[in-house]
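Residue numbers (my numbering): 30 to 1073. Read the structure below first, then the notes.
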Amino acid sequence: ATITMSNTCGTSSFDITIIPAPTANFTAPNIGANMLCPGQPVQFTDLSTPVPGSNIVAWDWDFGDGSPNSNQQNPTHTYPLNPLTYNVTLTVTDQNGCSTNTTFAVNFGGPTAEFSTANVCDGNVVNFTDASMPLGTITNWNWDFNNDGIVDNTNQNTSYTYPGPGTYTVELMVVANGGCMDSITHTVVVHPNPVANFSANNECLGTAVTFNDISTILTGAIANWAWNFGDGSPLDNTQNPTHNYATAGIYNVLLTITSDSGCTDNITLPVEVYSNPIASFSADTACAGFNTSFTDISTAGSGGNITNWEWDFDNDNNPDDFTQNPTYIFPGPGTYSVNLAITDLTGCVHDTTIDISVSPQPTADFNFDYVCFGTVTSFTDLSLPNGGTISNWNWDFTNDGIVDNINQNPTNGYPVSGSYTVELHIATALGCVDSITKTIVVNPVPVVNFGPTDVCLNTPTQFTDSTQINTPGTFNNWAWDFGDMIGTSALQNPIYTYTAAGTYNASLTVTSDSGCIGTITLPVTVFPNPTAAFTTADICENLTAGFTDQSVGNGGVINQWDWDFDFITPIHTTDDVNQNPTNNYIAGSYIVELIVTTQAGCADTVSNPITIHPMPNAIYTFTDECFGTAIDFVDNSNVSTGNIAAWNWTFGNTNTSNTQSPSEMYANDGQYNVTLIVTTDQNCKDTVTQTVNVWPLPVVDFTPVDVCLNFNTQFTDLSTVTLGSNVLWTWDFDDGTPLNNSQNPIHTYTNDGTYQAQLMVTTNYGCKDSLTKTVTVHPLPQVSFIASVLDSCSPVIVDFTDLSVINAPGNNVTWNWNFGDAGTSSQQHPNAISFTNSSHTSVASYGISLTVISDMGCVGKDSIANMIKSYPIPTASFSYGPAPTNIYDSEIDFTDNSIIASQWLWDLGDGASSTEQNPVHLYADSGLYTVILYMENIYGCEDTTEKIIKINPVFAIWIPSAFSPDDDNINDFFYAQGYGIKQLETLVFDRWGEVVFEGYQLDSKWDGIYKGTLAKTEVYSYKIRALDIFNEWHEFIGKVTLMK
């Protein structure tokens, strides 16, 4: 180095040391091709190196945005939203005072939200197509279709169907892979659909149909109508057309309408064109002066049934009748024109005319013969043709409407006598008819009958006349012949007695007042009488008496036996009707009477005596005894008359006795059937059997259950007895307590140990026995425990220690802990039991219980209510507003929504903090801020929550410093993007200043192609101009590296 000094003379020497400067260097997350979101703080990291033996002692950061420099080693800086690239210079100074600097560009960028859609008609799907500019890779699309702040879909391109017509605001928010986001809103109009409808009347064929449009639309207007009449005719575009159909039928008419918004609807309704009815009729033969019947045979059309008929019989064009099938009397013979006009249900009409020829009328007449029944009646025709020719005679002989004969002069035989109405119908060759009715008489013939009564021999026979004759006939003569060559009579109802049995043919002849005769012969029988007889024998009482019939019929057949077993003159009572009956009597003497009767009803009677000896009454008494005691039997038998001569005892154990009142000692207990048979001096016997009980002694047994102290000991009686039942139990529990008489008593011992319990059992027959057994009472555990912690914030973790003991010889073997909602445990000393609190407002208290079980199953238990207290954990929560917002409205109101908070600490994300419950904070710059709320409740329990607050810039632009057009879909294009940009101009220059790319659209992008080929790798210059939403231009000049 050279040092020049002026105004001096001479020379001097100096030592000058040249110290090398330190090397300045730093890094940041958005240097080079990397970017951060606009407004996001940048963390700068110093990478400078000092020279050996020295240290860097000062740092000076120029952030390139006009803000004050920073002297921190590793500062954090938040940039304005514009521009998107800043040149940052770091100057470092070491302890020698040497300085150096270096400059890097930091870049910001994010996506630009955009999408396209179209208005639709109600009910159609609205399609949304994403058109966002990524500036990186967009990773999330959040669609809000109805501006309610709720994300409805997360697909890139989606669709949605709105519930009805209206104007809807749609928002798309996109998020890039670096977390940068943007949103945009558009409106979608859902037009209402018109509602097609029309009315039309059904018409008869030949009448035009009128169509009336009654379509509606909610908003807008209907602009077009298209009618398809369903018959192949051309479409009609008038609003209310008329149309003539060529043929009848049902036509489906389609109306299609279109609104002024292009929305359509259609409706199809049926219209019917009715076919017309066809008038027609027929008439029967027309004769002058008589009704002529007309029958309507018209055919209905498709319009429904025929409802109106108008008949003109005299050709004067005025209706004469309105019924469907009328009659009409023509005044004289000749030809008449008859017209019928018809109308159907829908008003369709038709008429027809037919000529009717009217003929003259004949006169009917006849006469007949009077006869008795059985002789045919002759009929003679006397009819007059009156100018015509009679060609038909129809005779109805019984007035039943049925033609019986078609001859001119017929005969007829009637089935019974009486008066008959005869009708003659005649017809001329031209079909005119007449008829006449007359009454004829067929005289009745007597129908002879009589009732001869068949009798037994020596009984008179009554003959009763039952002859009948049809009115008006009467009788005036009777002639009887009784058939025994002896008896006759002229009386109407004679009586006659035959002298011998047998069968006789009797006859009766009867003559009527008109001379008609009837006769009949009937058989009369005289029956012989039977002879009654029977045999029987004396018996003992209670035995059955038998009777044997010995009667004879004497030529007749006996078929009835009538027995009276205790006949007392003169009354006979029927006791039995069998031929050989039996009867059970009480002791005494009786007369038995038998009446026998033959099939003809002839009877005879016989009587015989019978004696019934009395039965003895076998009776004895005794007393049941317990096993080992003899039983005495006392005879009390008797008989009403006579004496008891013998006693026969059977004791039921193979032993017997013939003494009157014996005793018996039984070898075994049990039941024995003892039978006594007594016999009288008339050899009548009676038997009685009774059950004798030799009562057994009870077999005593019981089951004492070993129990724990203070628990009830259940004594269960197991005693049995083979006969009878146990009725008394006497217990001695061996502990000085009073005796107990329950069958299965429960006893509580007051001390543990062993006891000799005795049971004595008495049966219902007084038999007794006893038994003694040992009963054991086991000791109980004496439960106690402690806890390591009694209260804390949820969850409270507690260790428990069992302090329980038990008297010898018992051992505690099982521990059952119940911690309430905290669960259970079977450990003796459970550890780390967690007691939680799901409430945010109140203390949760837990009662603890411990149950200890000994080796003999004895249970001890202790519990402590509300032993453990778990304090509630608060829930930190807050909201803020306004959101979303931007740098021009960056004062944020924070609202604490925490549950039971008593203290608050806010980390507001930009270095500021607050202890207010609801702070208000003004953010100095746009960006993303992580706000953390720390809170504590009155119990000292804590919780925390955090949210990211976004302060959007009003205008921001991001310009990359490098790109790589290698088709890997990562940084393949060079372009600018940002917020609040209305217009964008992009120019790229090579090192000689030649323009290699220019674009004037918001989405203009350079793909590295210049003159058809990929430009070479080097650093290019760019000039970008952006017009913001306030119509201010911003110009950005910088460098971009094309990399391959």
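By construction, the Cβ of each residue, glycine as well, lies at the ideal position given by its N, Cα and C atoms. Quick caveat: nothing in here was measured; it's all calculated off a predicted structure.
- Per DSSP, Y533 is one residue of the beta strand (DSSP E) stretching across 531-541.
- The criterion of a C-beta distance shorter than 9 Å is not satisfied by A147 and V135.
- Burial check for Y399: the Cβ neighbour count within 10 Å stays below 16, so the residue is exposed.
- Of the residues assessed, H858 falls on the exposed side of the cut-off, its CB having fewer than 16 other CB atoms within 10 angstroms.
- Around the CB of G1007, 16 or more other CB atoms lie within 10 Å, so the residue is classed as buried.
- For C655, the closest C-alpha among the options N793, P360, R1054, H272 is that of N793.
- Between the alpha carbons of N755 and I835 lies a gap of roughly 42 Å.
- CA-to-CA, the gap between P552 and A574 works out to about 45 Å.
- In the DSSP annotation of this structure, the continuous segment of the beta strand (DSSP E) that includes D761 starts and ends at 755-761.
- Judged by DSSP secondary structure, S327 falls outside any beta strand (DSSP E); it is assigned neither H nor E.
- Take N116, set aside five residues on each side of it, and the residues of its chain with a beta-carbon closer than 6 Å to its own are G93, T132, A134, in chain order.
- Every beta strand (DSSP E) stretch that sits fully inside the stretch 195-245 and reaches 3 residues is listed by chain position as 195-205, 210-220, 227-229, 238-242.
- By the C-beta density criterion, I600 is exposed, having fewer than 16 other C-beta atoms within 10 angstroms.
- The closest CA to that of N186, considering only F829, I179, C796, S161, is found on S161.
- Exclusion of the five residues before and after K1034 leaves F1002, F1003, Y1004, G1028 as the residues of its chain whose Cβ lies within less than 8 Å of its Cβ.
- W338 and F351 have their C-alpha atoms some 5 Å from each other.
- About 5 Å separates the CB atoms of T114 and I988; that is less than 8 Å, so the two are in contact.
- By the Cβ test, the stretch 857-877 is not in contact with the stretch 780-792, since fewer than three Cβ pairs between them sit closer than 8 Å.
- For W1021, no beta strand (DSSP E) segment is defined, and its DSSP state is neither H nor E.
- Rounded to the nearest whole angstrom, the C-alpha separation of Y197 and L1013 is 30 Å.
- An exposed status is given to W1062, since fewer than 16 other beta-carbon atoms sit within 10 Å of its beta-carbon.
- Leaving aside the five residues that flank C737 on each side, the residues in its chain whose CB is nearer than 6 Å to its CB run, in chain order, H807, L809, C887.
- A312 carries a strand assignment under DSSP once its states are collapsed to helix, strand and coil.
- For the pair V462 and T314, the CB atoms are nearer than the 9 Å cut-off.
- Residue pairing for P97: DSSP places it in no beta bridge.
- Membership of T704 in the beta strand (DSSP E) is indicated by the continuous run 699-709.
- In this structure, DSSP gives I615 a state outside helix and strand, which the three-state scheme calls coil.
- Here D918 carries a helix assignment [DSSP, helix/strand/coil].
- A252 carries a strand assignment under DSSP once its states are collapsed to helix, strand and coil.
- L110 is positioned such that its CB atom lies closer than 9 Å to that of I916.
- Taking the Cβ atoms as the reference, I85 lies roughly 7 Å from T122, within the contact range of under 8 Å.
- Sequence-distant partners of S692 (beyond 5 residues in either direction) whose C-beta falls short of 8 Å from its own C-beta, in its chain, are A659, I660, D661, F662.
- Excluding residues up to 5 positions away in sequence, I921, F923 lie with their Cβ nearer than 6 Å to the Cβ of Y909 in the same chain.
- For D1001, there is no enclosing beta strand (DSSP E), as DSSP marks it with neither H nor E.
- Here S942 has L934, W935, D936 as same chain residues with Cβ atoms under 8 Å from its own Cβ, once five neighbours each way along the sequence are excluded.
- Excluding five sequence positions before and after D343, the CB atoms of its chain that fall closer than 8 Å to its own CB belong to D349, Y365, given in chain order.
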